[in-house]
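Peer 1:
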Amino acid sequence: MKLLEDKILSEGLALSESVLKVDSFVNHQVDPFLMREIGRDFASHYKDVHITKVLTIESSGIAPAVFTAYELGVPMIILKKQTSKILKDHILQTNITSFTKGTSYELTLSKDYVDDKDTVLIIDDFLANGEAAMGAIRLALMAGAKIAGIGILIEKSFQKGRQRILDAGYEVYSQARVAKLGKDLIEFVRE
Ligand code: 5GP
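Using our numbering, read the sequence shown as starting at 365 and increasing by one per residue.
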């Protein structure tokens, strides 16, 4: 998606050969106009697969996921990183190791919001090693849902996430695919 690639080139910062900082439009400050276009692009890509829910992981997936859900006319569900006091029973959980923080957490979904009648689209901001996406897939499957695909804003194609998801039998649609990061360098995959 050209708009996202242009934004990454103008405002993204390669902090190292493996970490891209996009705090000015995705992770800290959010660009709502860009998010609306991101939502339209995902909705157009997935328009024929009868999605009933959009799932995302808190917190940076929420903005693009809610615009996508709005465009598809379906609810958006936030997979929680911390179990709230209210979400005590009736929950599904799976353990995830965070790429950026090096810590692990229990990703949590209430059984109230996804079931075997659902076809879900999973949206996340980044795809690195695929830990978060694979966790979201596990939770959706535990709830009995079908998975239409995994929608990613920024895929770091030099890491193994895409291959893991494809090997597990799911489709990945990434709006920007970063081939290489380095000092003053951000290169995209060109098909
Ligand atoms: P994975 O689970 O695929 O290894 O990593 C994806 C998660 O880690 C995303 O949800 C995102 O929050 C975070 N992440 C991974 N790589 C980056 C990166 O280069 N920059 C930022 N801002 N977040 C990242």
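Using N, Cα and C, we set each Cβ at its ideal position, and we do this for glycine too.
So the beta strand (DSSP E) F552 belongs to, where does it begin and stop?
Peer 2: Where F552 is concerned, the enclosing beta strand (DSSP E) stretches over L549 to F552.
Peer 1: For E435, does the three-state DSSP call read helix, strand or coil?
Peer 2: Looking at E435 - three-state DSSP - the assignment turns out to be helix.
Peer 1: Quick one: any contact between the region 478 to 488 and the region 504 to 517, if contact means 3 or more CB pairs under 8 Å?
Peer 2: Touching, yes, given that three or more Cβ pairs across the two stretches are closer than 8 Å.
Peer 1: Given V553, which residues of its chain have a CB within under 7 Å of its CB, disregarding the five upstream and five downstream residues?
Peer 2: Within the same chain, V553 has close Cβ partners S521, R541 and A543.
Peer 1: Taking the runs of the alpha helix (DSSP H) that are 4 residues or longer, which of them lie wholly in the region 379 to 425?
Peer 2: Entirely contained in the region 379 to 425, the alpha helix (DSSP H) runs reaching 4 residues are, in chain order, 396 to 409.
Peer 1: Indicate whether the contact test is met: 3 or more Cβ pairs, each with one atom in the region 405 to 414 and one in the region 456 to 466, closer than 8 Å.
Peer 2: The answer is no - the region 456 to 466 does not touch the region 405 to 414, with fewer than three Cβ pairs under 8 Å.
Peer 1: Name the one or two DSSP bridge partners that G312 has.
Peer 2: Nothing can be reported for residue 312, as the shown portion of the chain is limited to 365 through 555.
Peer 1: State the CB to CB distance for the pair Q527 and L368, rounded to an integer number of angstroms; the pair is presumed to be in contact (CB under 8 Å).
Peer 2: That pair is no contact at about 22 Å.
Peer 1: Which residue's Cα is closest to the Cα of I501: F406, V394 and V418?
Peer 2: Closest by alpha carbon: V418.
Peer 1: Using the C-alpha atoms, what's the distance from E495 back to G525?
Peer 2: Those two C-alpha atoms are separated by around 7 Å.
Peer 1: Closest to P439 by CA distance: which of G425, D488 and T416 is it?
Peer 2: If we check each option's Cα against that of P439, T416 comes out closest.
Peer 1: Between the Cα of K475 and the Cα atoms of D370, H454 and D489, which residue gives the shortest distance?
Peer 2: Closest by alpha carbon: H454.
Peer 1: Among D489, I486, Q446 and I487, whose alpha-carbon lies nearest the alpha-carbon of S468?
Peer 2: Minimum Cα distance to S468 is reached at Q446.
Peer 1: Does the beta carbon of F490 fall short of 6 Å from some heavy atom of ligand 1?
Peer 2: Yes, since a heavy atom of ligand 1 falls inside the 6 Å radius drawn around the Cβ of F490.
Peer 1: Who are the near neighbours of A492 in its chain, counting only those whose CB is closer than 7 Å to its CB and skipping five residues on each side?
Peer 2: Here the set comprises F463, K520, Q523 and G525.
Peer 1: DSSP on A543, reduced to helix/strand/coil?
Peer 2: Residue state, collapsed to three classes: strand.
Peer 1: Is there at least one non-hydrogen atom of ligand 1 closer than 6 Å to the beta-carbon of G513?
Peer 2: No, ligand 1 has no heavy atom inside 6 Å of this Cβ.
Peer 1: What whole-angstrom Cβ distance do I372 and I518 have, given they're in contact under 8 Å?
Peer 2: Yes, they are in contact, since the Cβ atoms of I372 and I518 sit about 7 Å apart, within 8 Å.
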